[in-house]
Amino acid sequence: MNARLLGLFSGFPTHHFTDAITDVLREDLPRRESLIFISAWPDDCSRNDADSDGMHEMFAERGMGFVRHSVIDRRTGSADAARQIREADCVFLMGGDPPSQMALIRELGLVPALLACRAVILGISAGSMNMGRYAADCWETKELYEGIGLVDIVTKGHYENDAWFVPVIKEISMTRPVIAMEDESAIFIRETAVWQLGNNHLVDRGVIARLTDDKLRDIAQLDDLRSRNTTA
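Residue numbers (my numbering): 71 to 302.
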């Protein structure tokens with residue numbers, strides 16, 4: 071693991087960070103020159119511009135505004151996207167359509183740049199799903215596909231007891247455990263530490279239970295993650 075901090079979010083329906091999440095971000099973002107978003111709607115450029123402005127405002131209202139922010143989407147060339155990631159203080163994988171975001175990342179060849187990135191890397195909804203070694207396609211194939219590999223966690227955001235996707239993630243959990251995250255929750259990884267905020271649930275072999283801190287540490291496999299991703 072090369073990133074200063076990894077943060078996985080479900081969603082923020084009120085468009086505001088919680089106090090607890092703000093405290094973590096403020097500690098790990100002492101320098102705020104460049105915030106780079108990666109779109110999960112690569113072809114909808116006007117939406118990307120509006121959404122990235124709105125998401126930057128979530129930082130700014132907490133006194134953590136960046137000097138500049140921009141979004142990687144279909145307009146961005148491969149070399150320019152990789153440079154932006156290298157120079158970023160924070161990379162934020164946006165929400166939207168997970169397979170479309172992963173396709174953009176692969177098309178631009180950004181997996182190596184993201185794995186080598188030493189910035190804070192955050193993901194929300196689709197973005198947090200794609201941060202995993204595997205991600206769940208709950209919409210079409212209803213199977214796992216290969217993600218970026220920043221974490222060994224399979225997540226699904228926006229969890230509620232009666233959510234439409236619950237039967238899907240139960241089936242996927244027969245292959246790998248899935249962490250179902252409620253909105254305004256978070257999972258953070260920093261070097262040798264992994265912890266959670268808010269309400270998260272473990273879906274394993276079709277059974278849903280509250281995610282404990284011990285089980286989160288087991289699933290995160292930090293030793294294996296460091297040996298696989300750390301570069302000299």
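For every residue, glycine included, the Cβ atom is placed at its ideal position computed from N, Cα and C.
Per DSSP, the beta bridge partners of Trp-265 are Phe-258. Following the DSSP letters along the chain, one finds Asn-270 inside the beta strand (DSSP E) bounded by residues 270 to 274.
Here Val-277 is exposed, its C-beta having fewer than 16 other C-beta atoms within 10 Å.
Closest in alpha carbon position to Cys-187, among Pro-169, Glu-157, Gly-165, is Glu-157. Non-local C-beta neighbours of Asn-269 in its own chain, meaning closer than 6 Å and more than five positions away in sequence, comprise Glu-252, Ser-255, ordered along the chain. A straight line joining the alpha-carbon of Ile-289 with that of Val-137 spans about 36 Å. Using a 10 angstroms sphere on the CB of Met-125, the tally of other CB atoms reaches 16 or more, which defines it as buried. Per the coordinates, the alpha-carbon of Arg-203 lies some 16 Å from the alpha-carbon of Ile-239. A buried status is given to Thr-225, since no fewer than 16 other beta-carbon atoms sit within 10 Å of its beta-carbon. In this structure, DSSP gives Leu-184 a helical state, which the three-state scheme calls helix.
Within the segment 96 to 151, the complete alpha helix (DSSP H) segments at least 4 residues long are 115 to 130, listed from N- to C-terminus.
The secondary-structure analysis by DSSP pairs Arg-280 across a beta bridge with His-271.
Going by beta carbons, Gly-179 and Gly-227 fall outside the 9 Å limit.
Closest in alpha carbon position to Gly-77, among Asp-121, Glu-177, Leu-99, Ser-109, is Leu-99. Taking Ala-110 as reference, the option from Asn-200, Thr-88, Met-134 with the minimal CA-CA separation is Asn-200. With contacts defined by Cβ atoms closer than 9 Å, Leu-192 and Ile-142 do not form a contacting pair.
The Cβ atoms of Arg-260 and His-271 do not sit closer than 9 Å to each other. Within 10 angstroms of the beta-carbon of Met-71 lie 16 or more other beta-carbons, which makes it buried. In the three-state reduction of the DSSP assignment, Glu-216 falls in the strand class. Contact between Phe-107 and His-139 holds: their C-beta atoms lie close to 7 Å from each other, under 8 Å.
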